[in-house]
Ligand SMILES: [Mg+2]
Ligand SMILES: [Mg+2]
Ligand SMILES: [Mg+2]
Ligand SMILES: [Mg+2]
Ligand SMILES: [Mg+2]
Ligand SMILES: [Mg+2]
């Protein structure tokens, strides 16, 4: 596939660079394995949505060079994600990721994975310099990667101290806390960042008067704020789905076995249940959530069912869909490639709405 | 002290920023502790040398604002160092740092220290944006931090795979490998980065014709290349001293007990010894280096002594000093603050030459 073809080029550039710095062959080989093991192999949704968004903004097929530039940004987001996942798996003590052992559990890697994750991040800025140094959007790209990285790390911090795997304290949980974790840990880098990258690449300015009726007579649009105001709740909706599917989806559909209950995750499901339980049900949750046994997990699931979580989720999803649809319908559209299009957002929403995996 | 006074301001800006993002109070408090525990408390040589270098380039005392700007860059380097040290201690399984338990060994921190180290790095770019967004050197500062970070991580990678604490293989060691590790892991961020930051802050351009005789008629100077060509070998010399003192300095002078031999460190001492040993001595090193016992350590020390390491070090130091002095004497000087001064480099060399701790 085309997007994965770009990775081959980018991967070789990164490895070649280490060679050109005079690194020993075992270090070059190690870095190549780090890249191969951790960067491709995911669903690539984040990376590919840069390319998709650029195509929508330009409203045409991309030239070879335009495609590659968008793909570099897409792979920078995949590198950022790899940086987060390699380290998250170490902090969570996870066993597998994408159907293979987590990188830190690979023979002879161990804690070297910490430095390996650092190098995945550093590679982003090396690529941005190589491919965008002369571009007018260079500083904007650097800043949006910096800011999003920091936000994600803040979300990770809240998550880590709110829901440590080995110490259950449901009094720390709340739907408000859940929202904060989800927005910072996931929504900014997974939803806002790809679209912002595409917008910067297309030269979308910080503000403009739309060129097209009925918006052209209205006040200035701040397109990055508009994008954030839609993509952050959209990312929140996506993560709520993720949490609900972890509880409800059959493993053969989901492609993995949900472990949020036994892992003491601060998920939408437990937080919603906590807002609905009787004191007796609360006691069951306090005593069984985050425990390793199958029976404890089943008791938690029974409470989820008893409080009517399926119905609550159906309501949540309907409400999220309608709210987002309305927000998107209010986006001022323009015909230029430097103006927002509603399709940038509907394409995300349609991929997500009522997904089952 | 003035430099530490600037930290109080910077530290509060960073913590305030998290509060302004709506982070929960336990997360804000955690981040404050992360900063307090890991950033100040070292020797601050790297950070203060930004300020010192700016004073030398400007050849006068700094205004309050100039001082603070230089100090922000100095503290950004201390943040970078903290990022490296928190993670290095985890990867090395170290017990103490700066006479206190390593951060990851503090109660309830553990592997959260990985994300904490990430946040120390991310804080750098938030500070650079806050304080230098409007400055002509903003992009240069971003790039020199990116590049130096990547170089340090490359050096860390070579070090980690060449000298893992739990697997001794002296055939991987060599003076060439030692040089590569030292230059990448230490010299760039400890010596080149502070001076480059000072130069960018003073507006030193990428190249110029010196304004002062006898250099003014000569070809263009590339001052960042000149600085690197001196500061990288200077950093190498500094690390060789560090390695030699770890072996030779009395603990009461050094302020700590050297552990390079028992930790299987790829130090200048072992590499120099390896280049001098008889086959019998080599066998002793192979069998005793990197072992945990006092007796094994003593056998290694006996070989070091037998090959005449003290004399070799005295020769190395004399040679390094003379080579650096000559290099510095060739630096074209100018009187403007945008031109190099030899004193930038001699001030480093004089602090280091014949140090005993
Ligand atoms: Mg995880
Ligand atoms: Mg996690
Ligand atoms: Mg999940
Ligand atoms: Mg160490
Ligand atoms: Mg180390
Ligand atoms: Mg040392």
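Protein chains in written order, with this note's numbering: chain A, 541 to 897; chain B, 541 to 897. Where a beta carbon is used, it is the ideal one built from N, C-alpha and C, also for glycine. Just so it is clear, the structure is predicted and the values come from calculations on it, not from any experiment.
(1) For residue 669(B) and chain A, any beta-carbon pair shorter than 9 Å?
(2) CB-CB under 8 Å to residue 608(B), same chain, minus the five flanking residues each way: which ones, in chain order?
(3) I'd like to check one pair, residue 892(A) with residue 777(A): are the Cβ atoms closer than 9 Å?
(4) Using the beta-carbon count (16 or more within 10 Å), is residue 815(A) buried or exposed?
(5) Just tell me which of 747(B), 718(B) and 753(B) has its CA closest to the CA of residue 765(B).
(6) Any chance the stretch 722-731 of chain A sits against the stretch 673-683 of chain A, with 3 or more Cβ pairs inside 8 Å?
(7) Got a sec: does ligand 8 put a non-hydrogen atom nearer than 8 Å to the Cβ of residue 782(B)?
(8) At a CB distance below 7 Å, what residues from the stretch 753-783 of chain B approach chain A? Give them in sequence order.
(9) Checking contacts by CB at 9 Å: is residue 674(B) closer than that to chain A?
(10) Is the distance from the Cβ of residue 732(A) to the Cβ of residue 771(A) below 9 Å?
(11) May I ask whether a heavy atom of ligand 4 can be found less than 8 Å away from the beta carbon of residue 699(A)?
(12) Restricting to runs no shorter than 4 residues, where is the alpha helix (DSSP H) found entirely within the stretch 739-765 of chain A?
(13) On a CA-only basis, which of 744(B), 800(B), 626(B) and 633(B) is nearest residue 528(B)? Give me that one, please.
(14) Heavy atom of ligand 2 less than 8 Å from the Cβ of residue 800(A), yes or no?
(15) Tell me the residue span of the alpha helix (DSSP H) that contains residue 614(A).
(16) Which value, in whole angstroms, describes the spacing of the CA atoms of residue 916(A) and residue 700(A)?
(17) Residue 808(A): which of 826(A), 834(A), 844(A) and 794(A) sits nearest, CA to CA?
(18) Which of the three DSSP states, helix, strand or coil, is assigned to residue 636(A)?
(19) Starting from the C-beta of residue 615(B), find all residues in its chain whose C-beta is less than 7 Å away, skip the five residues before and the five after it, and write them out in chain order.
(20) For ligand 5, which residues have a Cβ under 5 Å from at least one heavy atom, in chain order?
(21) So, are the CB atoms of residue 752(B) and residue 874(B) less than 9 Å apart?
(22) Quick one: which chain A residues come within Cβ less than 9 Å of residue 666(B)?
(23) Kindly examine ligand 2 and report whether one of its heavy atoms sits closer than 8 Å to the Cβ of residue 821(B).
(24) Can you list the residues of chain B that residue 834(A) reaches, using a CB-CB cut of under 7 Å?
(25) For ligand 4, is there any heavy atom lying closer than 8 Å to the beta carbon of residue 657(B)?
(26) Under the criterion of a Cβ to heavy atom distance below 8 Å, does residue 730(B) qualify as lining ligand 4?
(27) By the 10 Å Cβ neighbour count, where 16 or more other Cβ atoms means buried, how is residue 897(A) classified, buried or exposed?
(28) Whose Cβ in chain A lies nearer than 8 Å to the Cβ of residue 635(B)?
(29) What is the DSSP secondary structure of residue 676(A), counted as helix, strand or coil?
(30) So the candidates are 694(A), 554(A) and 661(A); which of them puts its Cα closest to the Cα of residue 565(B)?
(31) Under 8 Å Cβ to Cβ from residue 665(A), same chain only, skipping five residues before and after it: list those, please.
(32) Quick one, which of 741(A), 880(A), 736(A) and 846(A) has its alpha-carbon nearest residue 813(A)'s?
Looking at the coordinates:
(1) As a position in the second chain, residue 669(B) is number 129, starting the count at 1. At least one chain A Cβ lies under 9 Å of residue 669(B).
(2) Position 68 of the second chain, counting from 1, holds the residue named residue 608(B). Result list for residue 608(B): 546 and 549, in chain order.
(3) Position 237 of the first chain, counted from the start, is the residue given in the question as residue 777(A). Position 352 of the first chain, counted from the start, is the residue given in the question as residue 892(A). Contact flag set, yes.
(4) Counted from its first residue, the first chain places residue 815(A) at position 275. By the neighbour-count rule (16 or more Cβ atoms within 10 Å), residue 815(A) is not buried but exposed.
(5) Counted from its first residue, the second chain places residue 765(B) at position 225. Among 747(B), 718(B) and 753(B), the Cα nearest to that of residue 765(B) belongs to 747(B).
(6) Per the Cβ contact rule, the stretch 722-731 of chain A is not in contact with the stretch 673-683 of chain A (fewer than 3 Cβ pairs under 8 Å).
(7) The model depicted lacks ligand 8 and carries ligand 1, ligand 2, ligand 3, ligand 4, ligand 5 and ligand 6 instead.
(8) Shown here is that no member of the stretch 753-783 of chain B has a Cβ falling below 7 Å from a Cβ of chain A.
(9) For the purposes of this step, residue 674(B) is identified with residue 134 of the second chain, where counting begins at 1. So no, residue 674(B) is outside the interface.
(10) For the purposes of this step, residue 732(A) is taken as residue 192 along the first chain, with counting starting at 1. For the purposes of this step, residue 771(A) is taken as residue 231 along the first chain, with counting starting at 1. It is a contact, given that the beta carbons lie within the stated cut-off.
(11) Working through the first chain from its first residue, we reach residue 699(A) at position 159. The answer is no for residue 699(A).
(12) With a minimum length of 4 residues, no continuous alpha helix (DSSP H) run stays inside the stretch 739-765 of chain A.
(13) Residue 528(B) lies beyond the range of chain B shown here (541 to 897); nothing can be said about it.
(14) Translated into positions along the first chain, residue 800(A) becomes position 260. Answer for residue 800(A): no, Cβ out of range of ligand 2.
(15) Translated into positions along the first chain, residue 614(A) becomes position 74. In the DSSP assignment, residue 614(A) falls within the alpha helix (DSSP H) that extends over 604-632.
(16) This structure cannot settle anything about residue 916(A), because the visible part of chain A is limited to 541 through 897.
(17) By one-based count along the first chain, residue 808(A) stands at place 268. Nearest to residue 808(A) by C-alpha distance, out of 826(A), 834(A), 844(A) and 794(A), is 844(A).
(18) Sequence index remark: in the first chain, residue 636(A) carries index 96 (1-based). If DSSP states are grouped into helix, strand and coil, residue 636(A) belongs with the strands.
(19) As a working mapping, residue 615(B) is identified with position 75 in the second chain. The beta carbon of residue 615(B) sits closer than 7 Å to those of 546, 547, 550 and 587, all from its chain and outside the five residues before and after it, given in chain order.
(20) The chain-ordered list of residues whose CB is nearer than 5 Å to some heavy atom of ligand 5 reads 628(B) and 632(B).
(21) Along the second chain, one-based indexing puts residue 752(B) at 212. Along the second chain, one-based indexing puts residue 874(B) at 334. In this structure, residue 752(B) places its C-beta atom within 9 Å of the C-beta atom of residue 874(B).
(22) Position 126 of the second chain, counting from 1, holds the residue named residue 666(B). Taking a Cβ-Cβ threshold of 9 Å, the residues of chain A close to residue 666(B) are 686, 687 and 690, in chain order.
(23) To locate residue 821(B), count along the second chain from 1; it is residue 281. With a cut-off of 8 Å, the C-beta of residue 821(B) is classified as distant from ligand 2, since no heavy atom of the ligand falls inside that distance.
(24) As a working note, residue 834(A) is residue 294 in the first chain. None at all; the shortest Cβ gap to chain B is about 26 Å.
(25) As a working mapping, residue 657(B) is identified with position 117 in the second chain. Checking the 8 Å criterion, the Cβ of residue 657(B) is out of range of every heavy atom belonging to ligand 4.
(26) Residue numbering aside, residue 730(B) sits at position 190 when the second chain is read from its first letter. Because no heavy atom of ligand 4 lies under 8 Å away, the Cβ of residue 730(B) does not count as near it: no.
(27) Translated into the one-based positions of the first chain, residue 897(A) becomes position 357. By the neighbour-count rule (16 or more Cβ atoms within 10 Å), residue 897(A) is not buried but exposed.
(28) Taking the first residue of the second chain as position 1, residue 635(B) is located at position 95. Here the premise fails: no neighbours, minimum Cβ distance about 15 Å.
(29) In the first chain, counting from the first residue as 1, residue 676(A) sits at position 136. Here residue 676(A) sits in coil by DSSP.
(30) Looking up residue 565(B) in the second chain gives position 25. Nearest option by C-alpha distance: 694(A).
(31) Working through the first chain from its first residue, we reach residue 665(A) at position 125. Here the set comprises 682 and 685.
(32) Stepping through the first chain from its first residue, residue 813(A) is reached at position 273. Closest by alpha carbon: 846(A).
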